[in-house]
Amino acid sequence: MVSRRNLIGTGLWSLAGAGLGGVSLRALPAYAAAAAPVTAEMLTPDVALLRGAGGNVLAVSDGRKVTLVDGGAQAHTGQLLDAVASAFPGQQITTLFNTHWHPQQTGANATLAASGTNIISHANTRLWLTTDVKWPWGGHTMPLPRAAWPAQVFYNEPLELGEGAARAVAGYMLQGHTDGDAYVYFPEADVLHCGGVLAADRWPEIDWWTGGWLGGLAEATETLLAIANDNTRIVAADGPVFGRAELLAQRDMYTTLFVKFRDELLFKGLSPEEAVAAQPTREYRPEWGDPGPFVNHAFQSLWGYFAPDA
Ligand SMILES: [Zn+2]
């Protein structure tokens, strides 16, 4: 689905692409100034979870420098960097992981790249950042400026770097939320950022236009279960921190929903609208709000993998 936030991001990116020189992007839209402040919650003395920047951001210090996982939306970059500086005074952000290409995760790329931060992502994430994306359900993003593209990419093999609490293992989750989804795990801190494949307080988006699909979402939970132990704190793109029990519950739910969507909706020849009307998620998570956009996109995401029988 495309949220209002996507569209806001789109507008900012368009302005950035137009070459506004010294004009402060943060000063342009009134809604950015009115946004809620970015807040930091210390998960450990070395790990801060930053909320309110458009998506959950992790800042992890090795005592001398900081690694970020995701950078929030561009409208919040200044606030985000202020919050990181308050959590870890005097420490430079030397590494930024992009868990996927969406504007809510990559909005700080340009600012941080300009100050020398090494940006790392899966290769597919970098590819999407080099082009404009026009979703069939609405919304349009412009490519990031070349200097803001991840300078370091990985493919199928996990990438390990850093030291102390900031030692990070980043790995690929195949196609789930997009086709460039990465997790970033900090073994010393025992904190796992799983990007957009999961959400903790709402139905996740399945961006099938850039390679996500429901079967992959279910598979990604298996990848994460192989990493998380009983004490691991798991951070999704949105919502509060959760643990392995919630990950198991989501694995079971998405696996069940995948089979249900395939066999009872797609193979029966339903349209996306009929799939939504069938309320296939009605047994699950009423507290997550309207499941319609999730159902619609999850259903359409199967089209690339299965042909309806009817
Ligand atoms: Zn996303």
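Anchor point for the sequence shown: position 163 equals 164 in the numbering used here, and the numbering is continuous, going up by one each time. Glycine residues also receive a C-beta, built at the ideal position from the N, C-alpha and C atoms. For clarity, every value in this text was computed on a predicted model and none was experimentally measured.
Fill in: Sequence-ordered residues whose beta carbon comes within less than 7 Å of a heavy atom of ligand 1
Listed along the chain, these residues meet the criterion: His101, His103, Gln105, Gln106, His178, Thr179, Gly197, Glu206, Asp208 and Ala238.
TODO: Pick helix, strand or coil for Gln251, following the three-state DSSP scheme.
DONE: Annotated three-state conformation of Gln251 is helix, per DSSP.
Exercise for the section: Could you pull out every residue in the same chain whose Cβ sits closer than 6 Å to the Cβ of Asn297, ignoring the five residues on either side in sequence? Expected result: Counting only Cβ-Cβ distances below 6 Å, and skipping sequence neighbours, we find Pro273 and Val277.
**Asked** Where does Gln93 land, buried or exposed, given buried means 16+ other C-beta within 10 angstroms?
**Response** Taking every protein chain shown into account, the CB of Gln93 has fewer than 16 other CB atoms within 10 angstroms, so this residue is exposed.
Do Leu248 and Ala279 count as a contact pair if the criterion is CB distance below 7 Å? Cβ distance not < 7 Å, so Ala279 and Leu248 don't count as in contact.
Can you look up Ala167 in the DSSP assignment and give me helix, strand or coil? Of the three classes helix, strand and coil, the one that applies to Ala167 here is helix, per DSSP.
*If you drop the 5 nearest sequence neighbours on each side, which residues of the same chain put their C-beta closer than 7 Å to that of Ala237?*
Leaving aside the five residues that flank Ala237 on each side, the residues in its chain whose CB is nearer than 7 Å to its CB run, in chain order, Asn57, Cys195, Leu199, Ala200 and Ala201.
message = Just verifying my parser: in three-state terms, what is the DSSP assignment at Ser87?
response = Of the three classes helix, strand and coil, the one that applies to Ser87 here is helix, per DSSP.
Note the first and the last residue of the continuous beta strand (DSSP E) segment covering Phe187. It spans Ala183 to Phe187 - the beta strand (DSSP E) in which Phe187 sits, taken as one unbroken run.
Rounded to whole angstroms, what's the CA-CA distance from Pro146 to Ala109? Just pull it up for me. Going by the C-alpha atoms only, they are around 12 Å apart.
Worksheet item: CB-CB under 6 Å to Phe211, same chain, minus the five flanking residues each way: which ones, in chain order?
Response: Phe is not the amino acid found at residue 211; the sequence shown has Thr there. Counting only Cβ-Cβ distances below 6 Å, and skipping sequence neighbours, we find Trp129 and Thr179.
(Q) Taking the beta carbon of Phe295 as the centre, do at least 16 other beta carbons fall within 10 Å, making it buried, or is it exposed? (A) In the assembly as shown, Phe295 is a buried residue. Its beta-carbon has 16 or more other beta-carbons within 10 Å.
With Leu130 as the anchor, note down where its beta strand (DSSP E) starts and where it stops. It is not in any beta strand (DSSP E) - Leu130 instead sits in the alpha helix (DSSP H) that spans Ala124 to Leu130.
### Task
Say whether the segment 82–91 touches the segment 49–68, bearing in mind that this needs 3 or more beta-carbon pairs closer than 8 Å, one atom from each stretch.
Yes: at least three Cβ pairs fall under 8 Å.
According to DSSP, which residues form a beta bridge with Phe295? Looking at the DSSP output, Phe295 sits in no beta bridge, so it has no partner there.
Exercise. Classify Val48 as helix, strand or coil using the three-state DSSP reduction.
Key: In the three-state reduction of the DSSP assignment, Val48 falls in the strand class.
*Cα-Cα separation between Ala227 and Gly217, rounded to whole angstroms*: Approximately 15 Å, taken between the alpha carbons.
How far does the alpha helix (DSSP H) with Gln105 in it extend, from its first residue to its last?
Counting along the chain, the unbroken alpha helix (DSSP H) around Gln105 starts and ends at Pro104 to Thr107.
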